[in-house]
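> First the structure, which I've put down as C-alpha cells, then a few questions once you've had a look.
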C-alpha cells in the first residue's frame, strides 16, 4: 500500500482555485465587451495545452481501464478521479475563455476562422479519439493496442510541441500584456505554481523511484519522467511562469501610464 502525499481535500481545493482563477479575466472581457487586445493565438495555445492535458488524463483514468506502471492506480482510486477533475476544470474554463475572446474580439473573420479551424483539427486528434475509445465495444486487446499507440504518440511527439506552444503563447501576448486582468494573472501565477508542485507527488511514478539503481544520471530520469507523468508538472509550471511575467509587464505598463499623467503636475513651472 502506497502513501498519498497529496491528500484529496487539497486536490479539491486546487481544482476550485483553478476554476476561480479564470473569473477575473472573464469578468473583464464580459464587462468591456471587448477582447481585441487579447491575442487569439495566446488564448488558442493555452487552450490546446489544457486540451492535451485533459486528453491524456481522460485516457489514463477513464478510457484505459487496464493497470499501468505509472500515473494511475488499479483500481482507480478517488485521487485518480480528482486528478481528472483538475484537468477537466482547466479545460472547460479555457474553452469558455476562448469562446468569450472570439465573441468579443474585433479581429478579422479570417483570423477567427483560422484559430477555430486549428482547434477543431486538434480536437480530432486528441479528445475525439479518446471519447470514441471510451464508448467503443471492441475487444479489450484491441483497445489496449489503441491506447498504447495513442499514448506513445501524444507523450513522445505531440505533448512536447504543446509544451513549447505555451512559451509561444507568451510571445503572442507580451506586447499587449496590459489587456489582461492583472488580478487574474497574479492569481493564476500562484495557483498554477501550486498545481504544478502538486503534480510531482499526486501520480504513481513517484512510488517507483526507489526501484532505480543508485547513480543514475538525472538527465536519464527526466525524459521518461516528463513523457510519462512529468508533462503535467512542466506544462503547469511554464503556464504559471508566463502568467507571472505577463503580470509584471502589465503592472509596469499601467504604472508607466499613471506616472505619465502625474509627471506634469510634479514638474516646476518654467518662465516665471
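In the numbering used here, the protein residues as written are 2 to 273.
In this text, a Cβ means the ideal position worked out from N, Cα and C, and glycines have one as well.
All figures in this text were calculated on a predicted structure; none of them were measured in a lab.
1. Might you give, ordered along the chain, the residues of its own chain that have their beta carbon closer than 8 Å to the beta carbon of residue 229, omitting 5 neighbours on each side?
2. Could you work out which residue in 180, 165, 222 is closest to residue 41 when comparing CA atoms only?
3. Do residue 98 and residue 44 come within 8 Å of each other at the CB atom, strictly closer than that value?
4. Could you check what DSSP says for residue 34 in three-state terms: helix, strand or coil?
5. Under the rule that 16 or more other beta-carbon atoms within 10 Å means buried, what is residue 125, buried or exposed?
6. Skipping 5 residues on each side, what residues in its chain have a beta carbon closer than 6 Å to that of residue 272?
7. Buried or exposed, going by whether 16 or more other CB atoms sit within 10 Å of the CB of residue 75?
8. Which first and last residues belong to the alpha helix (DSSP H) in which residue 80 is found?
9. Grab the span of the alpha helix (DSSP H) containing residue 132 for me, first residue to last.
10. So what does DSSP say about residue 161, is it helix, strand or coil?
11. Assuming residue 55 contacts residue 128 under a Cβ cut-off of 8 Å, what Cβ separation, rounded to an integer in Å, is found between them?
12. Can you give me the C-alpha to C-alpha distance between residue 201 and residue 172, rounded to a whole angstrom?
13. Closest by CA to residue 17, which one among 93, 247, 31, 135?
14. Going straight from the alpha carbon of residue 1 to that of residue 133, what length do you get?
15. Note down the Cα distance separating residue 19 from residue 240, rounded to an integer number of angstroms.
16. Anyone know if the C-beta pair for residue 36 and residue 189 falls short of 8 Å?
17. Taking just the CA atoms, how far does residue 84 sit from residue 2?
18. Just to confirm my understanding: we take residue 86, look at its own chain, exclude 5 residues before and 5 after, and list those with CB closer than 6 Å. What are they?
19. So the alpha helix (DSSP H) residue 194 belongs to, where does it begin and stop?
20. Using a Cβ-Cβ cut-off of 8 Å (strictly less than) and excluding sequence neighbours within five positions of residue 193, which residues of its own chain qualify?
21. For residue 186 and residue 64, I'd like the C-alpha separation in whole angstroms.
22. Counting only the same chain and skipping the five closest in sequence on each side, list residues whose C-beta sits under 7 Å from that of residue 251.
23. Please classify residue 122 as buried or exposed, where buried requires at least 16 other C-beta atoms within 10 Å of its C-beta.
24. For residue 78, which option in 8, 159, 222 has the closest C-alpha, if you only look at C-alpha atoms?
25. Give me the Cβ distance between residue 60 and residue 148, rounded to the nearest whole Å; I'm assuming they're in contact under 8 Å.
26. Skipping 5 residues on each side, what residues in its chain have a beta carbon closer than 8 Å to that of residue 101?
27. Which word fits residue 167, buried or exposed, when buried means at least 16 other C-beta atoms lie within 10 angstroms of its C-beta?
28. Among 38, 89, 25, 81, which one has its Cα closest to the Cα of residue 53?
Once the coordinates are examined:
1. Hits under 8 Å: 71, 72, 156, 206.
2. For residue 41, the nearest C-alpha among the options comes from 180.
3. Yes, the pair counts as a contact, with Cβ atoms nearer than the cut-off.
4. Residue 34 falls in the coil class under three-state DSSP.
5. Label assigned to residue 125: exposed.
6. Because residue 272 sits at a pLDDT of 42, beneath the cut-off of 50, its placement in the model cannot be relied upon, and the point is left open.
7. Around the C-beta of residue 75, fewer than 16 other C-beta atoms lie within 10 Å, and the residue is accordingly described as exposed.
8. 79-105 is the extent of the alpha helix (DSSP H) around residue 80.
9. 128-136 is the span of the alpha helix (DSSP H), which, as asked, contains residue 132.
10. In the three-state reduction of the DSSP assignment, residue 161 falls in the helix class, which pools H, G and I.
11. So it is a contact: roughly 7 Å between Cβ atoms.
12. Their backbone Cα atoms lie some 27 Å apart in a straight line.
13. Closest option to residue 17, judged by alpha-carbon separation, among 93, 247, 31, 135: 93.
14. Outside the displayed range of the chain (2 to 273) lies residue 1, so it cannot be described from this structure.
15. Cα to Cα, the separation comes out at about 12 Å.
16. Taking 8 Å as the Cβ cut-off, residue 36 and residue 189 do not qualify as a contacting pair.
17. Any answer about residue 2 is weak, because its pLDDT of 43 lies below 50 and its placement is not dependable; what the coordinates show is given next. The straight-line gap from Cα to Cα measures roughly 19 Å.
18. Answer for residue 86: 16, listed in chain order.
19. For residue 194, the enclosing alpha helix (DSSP H) covers residues 183-200.
20. If we look at residue 193 and ignore the five residues flanking it on each side, its Cβ neighbours are 19, 22, 237, 238, 240, 241, 244.
21. Spanning the two alpha carbons is a distance of roughly 33 Å.
22. So the list reads 178, 179, 181, 183, 186, once near-sequence residues are dropped.
23. By the neighbour-count rule (16 or more Cβ atoms within 10 Å), residue 122 is not buried but exposed.
24. The candidate whose alpha carbon is nearest that of residue 78 is 8.
25. Indeed they touch by this definition, with Cβ atoms about 6 Å apart.
26. By the criterion of a C-beta distance shorter than 8 Å, residue 101 is surrounded in its chain by 27, 30, 31, 36, once the five residues flanking it on both sides are discounted.
27. Residue burial is scored here from C-beta neighbours: residue 167 has at least 16 other C-beta atoms within 10 angstroms and is therefore classed as buried.
28. From the listed residues 38, 89, 25, 81, the smallest Cα separation to residue 53 is found for 89.
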